[in-house]
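First residue of the sequence shown: 273, per the numbering used here; consecutive thereafter.
Note that beta-carbon positions come from the ideal geometry of N, C-alpha and C, so glycine has one too.
Have a look at the structure below, then the notes.
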Amino acid sequence: EVGGTVGALVPLRPQGPRSVGATLSVAPGAVLMTPSAGPYDMAETLVHELHHSKLSTLHELVPLYRPGRAALYRVGWRTDARPVAGVFQGAYAHLALADLWRRARDAPGVPGTWSARAVQQFDHVHDQVGEALTMLLESDELTNEGREFARQMRQRHASLGASPRARG
């Protein structure tokens, strides 16, 4: 999906040991990113940013939430409270990462360091996405289409399976 959708990589100045990425809604298919720490770091950044770009494009075509609301929500992947748009964007991008890490965790032949990172990251992010989806589905800020999209995200989240930590 990344290879067929990302049409441009725009280099950014390095800001630390891990890759940092961004997208612009006016430039779908373009990913801005700092140099990566390796192929797996790059894959994670590209998957994350691609999903931000996809959701922004979808929201422009079919609004998923109403503008102008002031409610803020706390999500596990950020220290600051986020508006519903940020919760939606984060949940969608982190759901894609959970899927990537589940695949890396379960696939034969994945290098041990990335496989171990995938186990840890899947556990952490899977739980956070579940909490964010609950917030979205309880919010009155979603449009009917946004609510249905969030329900479909919840189904995808459930299909990934519970994290080992959540299973006990």
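Legend entry - Opening and closing residue of the alpha helix (DSSP H) in which Ala-430 lies: As a working note, residue 430 is residue 158 in the sequence shown. Its alpha helix (DSSP H) spans residues 416-431.
Inset, instruction - Put Pro-311 into one of helix, strand or coil per three-state DSSP. - result: The residue you call residue 311 lines up with position 39 of the sequence shown. Pro-311: helix per DSSP, three-state reduction.
Inset, instruction - Determine whether the Cβ of Ala-370 lies closer than 8 Å to any Cβ atom of chain D. - result: No chain D is present in this structure, which holds just one protein chain.
Legend entry - Secondary structure of Val-303, DSSP reduced to three states: Position 31 of the sequence shown, counted from the start, is the residue given in the question as residue 303. Strand, per DSSP.
Inset, instruction - Determine the DSSP secondary structure at Gly-275, reduced to helix, strand or coil. - result: In the sequence shown, residue 275 corresponds to position 3, counting from 1. Of the three classes helix, strand and coil, the one that applies to Gly-275 here is helix, per DSSP.
Inset, instruction - Tell me Leu-281's beta-bridge partners as DSSP assigns them. - result: By one-based count along the sequence shown, residue 281 stands at place 9. Partner(s): Val-303.
Legend entry - Nearest to His-331 (by Cα), restricted to the options Ala-430, Ala-365, Gly-418: The count along the sequence shown starts at 1 and reaches residue 331 at position 59. Residue Gly-418 is the option with its Cα nearest to His-331.
Inset, instruction - Would you check if the segment 314-332 and the segment 368-380 touch, i.e. whether three or more CB-CB distances between them fall below 8 Å? - result: yes
Legend entry - Straight-line Cα distance separating Pro-283 from Arg-428: Translated into the one-based positions of the sequence shown, residue 428 becomes position 156. Translated into the one-based positions of the sequence shown, residue 283 becomes position 11. Their Cα atoms are separated by approximately 32 Å.
Inset, instruction - Starting from Tyr-364, follow the alpha helix (DSSP H) in both directions and report where the run begins and ends. - result: Position 92 of the sequence shown, counted from the first residue, corresponds to residue 364. Looking at the DSSP string, the run of the alpha helix (DSSP H) that includes Tyr-364 is 356-378.
Inset, instruction - Work out the CA separation of Leu-336 and Thr-415 for me, nearest whole Å. - result: Sequence index remark: in the sequence shown, residue 415 carries index 143 (1-based). Sequence index remark: in the sequence shown, residue 336 carries index 64 (1-based). If you take the alpha carbons of Thr-415 and Leu-336, they lie about 5 Å apart.
Inset, instruction - Please name the residue, chosen from Thr-295, Ala-309, Gly-310, that lies closest to Val-303 on a Cα-to-Cα basis. - result: The residue you call residue 303 lines up with position 31 of the sequence shown. Minimum Cα distance to Val-303 is reached at Thr-295.
Inset, instruction - Would you grab the beta carbon distance between Met-305 and Leu-367 for me? Rounded to a whole angstrom, and I think it's under 8 Å. - result: If you number the sequence shown from 1, residue 305 lands on position 33. If you number the sequence shown from 1, residue 367 lands on position 95. Between Leu-367 and Met-305 the Cβ distance is about 20 Å, and since that is not below 8 Å, they are no contact.
Legend entry - Classification of Ser-411 by the beta-carbon crowding that lies within 10 angstroms, buried from 16 upward: Numbered from 1 along the sequence shown, position 139 holds the residue referred to as residue 411. With 16 or more other Cβ atoms within 10 Å, it is buried.
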